[in-house]
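Numbered per the numbering used here, the sequence shown spans residues 1214 to 1709. Ideal placement from N, C-alpha and C gives every residue a C-beta, glycine not left out. For clarity, every value in this text was computed on a predicted model and none was experimentally measured.
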Amino acid sequence: MDVSGLTIEGLHRALEAREVTVEEICKAIFERIERLNTTLNVYITVTYEQAIERARELDAQLSTGYKPTGLYGVPVAIKDNICTKGIRTTCASRILENFVPPYSATAVEKLHAAGAVILGKTNCDEFAMGSSNENSAFGPVRNPWDLSRVPGGSSGGSAAAVAADLCVVALGSDTGGSVREPASFCGVVGLKPTYGRVSRYGLVAYGSSLDQIGPIAKTTADVARTLQVIAGWDEHDATSANLPIDDYLAALNSDVQSLRLGVPKEAFGVGLAPEVKRAVETAIANFETMGASLVEVTLPHLEYAIADYYIIATAEASANLARFDGVRYGYRAEGVETLAEMYQKTRDLGFGAEVKRRIMLGTYVLSSGYYDAYYLKAQKVRTLLEQDFRNAFTACDLIVTPTAPTPAFKLGEKISDPLEMYLADIYTVTINLAGLPAVSFPCGFSSDGLPIGCQLIAPHFQEARLLAACHQYEQNYPTAHPSARTSAGSLRWPSL
Ligand code: GLN
């Protein structure tokens, strides 16, 4: 069974025609995982037995003539900072190395109820802190397009698993770009929904005012199908929105011809790799060919976004990570004499260097004497950034920017320079600060054959419009769509 380029639509067609069973599909993917995971390192935990048992249940239902819809029979991968009942959830950290949650995240429950099959838990940066997946206690993930490069982060395992056909759809989480940047580096589609669109219950908190779970898939339609399932209000998450959910799949073909596309001039300046600039400008011209009108918009506070994000995100992280103290769950250091020593040693040995850096930064910006100068000011800048978007959206329907300033960089290239690493997030963090939905989709390749991502941003809760534009672009310019990969042979994984 060839699972390369497999989409939900293709899978459902094959299941309905009885050409294949869910069990066969899962086994074919597990066979690939067996072969490729030692190289790519995308899965931290593989749940073979549970998945096969589940597949058999679904096959039994199909054999009664049941018509697959939603995510029925779809093999999915879950980022390892999203809780899965009875399945180890490590957050790619030593401190949770053996943590088995007693409950599942709402998004996971919903996937299950929709008929998905969980194949395993994907590698990521420790507690989702990073842009390259190199901050994992389980080792880095490699980019399937070029094994010497990073897959992006922090949901690097999820994006690489989708790109390498080691699952059909994956869940990631996005606090400052962690779904979109890896999607861009791995040539797949990744959506960060509006803050509150998807329940955060069971997502291990990093920056609670920024975090969202988002789907990663090979096509926009598959992203839409997954969002349809995971979106919605949840009594367990007070910040989830009690608003109607659009029919995202039906909206994919809605009219985008009269679209007004906002192009922020600040997003195309210094620091942007010429190849990325060219690819995104080509995408913008293609949108124009499709009938969109271009509007120049301005995001005057964009230059403060990185500083703003790294104050707010670290402040929230320092508070959220206080719970990992070795008392109730997770790793506990041994050979200690006092309680204080136990806390200290547990956290010292349990957390990696980047997580400790964030906790220290966050504690500093919240400490008395510095609170007003850093944290309070950052909250004010956050409001200014939100206003920038509100103003821009009075003149346009969607905004377009690059997803990341460069294509995937080399493993080790930025790891010793945190500031350099943080700059990779320049186009993505503002979206979380403003709580907006945004998608990254493939729009071209670098001269080295690496995928380049384009980011589309919509007003709050306008995911339907966002996905429609993205889908129709993909139909007209199938840069890295699975059908283009196979026919044009543009997907090159020399070493796989
Ligand atoms: N790279 C950003 C960070 O390190 C974003 C991470 C994320 O979205 N989880 O904080």
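- prompt: Contact between the stretch 1537–1553 and the stretch 1430–1439: three or more CB pairs below 8 Å?
  reply: no
message: Going by DSSP, what residue range makes up the beta strand (DSSP E) through S1422?
response: In the DSSP assignment, S1422 falls outside any beta strand (DSSP E), carrying neither H nor E.
- prompt: Can you round the beta-carbon distance between I1221 and L1284 to whole angstroms, since I take them to be within the 8 Å contact cut?
  reply: 7 Å
- request: May I have a chain-ordered list of the beta strand (DSSP E) segments no shorter than 3 residues that lie completely inside the stretch 1367–1449?
  value: List check, beta strand (DSSP E) in window: 1382–1387, 1402–1405, 1425–1430.
query: Excluding the five sequence neighbours on either side, which residues of its own chain have a C-beta within less than 8 Å of the C-beta of A1480, listed in chain order?
result: L1512, L1515, T1614, P1615, Y1640, listed in sequence order.
message: Please identify the residue among K1431, E1567, E1554, D1468 whose C-alpha is closest to the C-alpha of A1677.
response: D1468
- prompt: Does the ligand GLN have even one heavy atom less than 7 Å from the beta-carbon of D1638?
  reply: yes
query: What is the residue span of the beta strand (DSSP E) that E1509 lies within?
result: 1506–1510
Residues that F1654 bridges to, as DSSP identifies them: For F1654, which the question treats as bridged, DSSP gives the partners C1667.
message: As a quick exercise: from S1506, T1432, F1398, pick the residue whose alpha carbon is nearest that of T1619.
response: F1398
query: To the nearest whole angstrom, what separates the beta carbons of A1647 and E1599, a pair I think is in contact under 8 Å?
result: Yes, they are in contact, since the Cβ atoms of A1647 and E1599 sit about 5 Å apart, within 8 Å.
- prompt: What separation, rounded to the nearest whole angstrom, lies between the Cα atoms of A1290 and S1581?
  reply: Answer to the nearest angstrom: the Cα atoms are 42 Å apart.
- request: Spell out the partners DSSP gives D1359 in its beta bridges.
  value: According to DSSP, D1359 shares a beta bridge with N1356.
message: Buried or exposed, going by whether 16 or more other CB atoms sit within 10 Å of the CB of L1228?
response: buried
query: Does the Cβ of S1653 lie closer than 7 Å to at least one heavy atom of the ligand GLN?
result: No - the ligand GLN has no heavy atom lying nearer than 7 Å to the Cβ of S1653.
- request: Count the other C-beta atoms from every protein chain shown that fall within 10 angstroms of the C-beta of Y1523, then say buried if there are 16 or more, exposed otherwise.
  value: buried
task: Kindly indicate which residue of K1490, S1629, L1416, S1386 has the alpha-carbon position closest to the one of A1651.
output: S1386
query: Start and end of the beta strand (DSSP E) containing G1582?
result: Note, G1582: premise wrong, no beta strand (DSSP E); not H, not E.
query: Grouping DSSP H, G and I as helix and E and B as strand, with all else coil, what is I1525?
result: Helix at I1525.
query: Would the stretch 1419–1430 and the stretch 1376–1393 be scored as touching if the rule is three or more Cβ pairs under 8 Å?
result: yes
- prompt: Residues in its own chain within less than 6 Å of S1368 by CB, not counting five upstream and five downstream?
  reply: Cβ neighbours of S1368 beyond the five flanking positions: K1292, C1337, G1385, S1391, V1392, P1395.
task: State the start and end residues of the unbroken beta strand (DSSP E) segment that holds L1187.
output: Residue numbering for the chain in the displayed model covers 1214 to 1709; residue 1187 lies beyond these limits and cannot be assessed.
- request: Could you tell me which residues DSSP pairs with G1333 in its beta bridges?
  value: V1259, A1290
message: Using the three-state DSSP reduction, which class does I1639 fall into: helix, strand or coil?
response: coil
- prompt: In or out: L1482 buried (at least 16 other Cβ within 10 Å) or exposed?
  reply: A small correction: the amino acid at residue 1482 is Gly; Leu does not occupy that position in the sequence shown. Result: exposed.
task: Report yes if the CB atom of P1477 is closer than 8 Å to the CB atom of A1444, and no otherwise.
output: no
message: Can you look up L1456 in the DSSP assignment and give me helix, strand or coil?
response: coil
query: Do you know how far the Cα of G1333 is from the Cα of T1297?
result: 10 Å
Under the three-state DSSP convention, the category N1689 falls into: In the structure shown, N1689 adopts helical secondary structure according to DSSP, grouped into three states.
field: DSSP beta-bridge partners of I1295
entry: L1416
message: For the ligand GLN, is there any heavy atom lying closer than 7 Å to the beta carbon of A1532?
response: Checking the Cβ of A1532 against the ligand GLN gives no.
query: Is the beta carbon of A1535 within less than 7 Å of some heavy atom of the ligand GLN?
result: no
query: With distances taken between CB atoms, is the gap from V1508 to R1473 smaller than 8 Å?
result: yes
task: Evaluate Q1470 with the Cβ neighbour count: other Cβ atoms within 10 Å of its Cβ, from every protein chain shown; 16 or more gives buried, anything less gives exposed.
output: It is exposed - the Cβ of Q1470 has fewer than 16 other Cβ atoms within 10 Å.
query: Is the number of C-beta pairs between the stretch 1571–1579 and the stretch 1620–1628 that are closer than 8 Å three or more?
result: no
message: Please return the same chain residues whose Cβ sits closer than 7 Å to the Cβ of S1361, not counting the five positions on each side in sequence.
response: K1623, L1624
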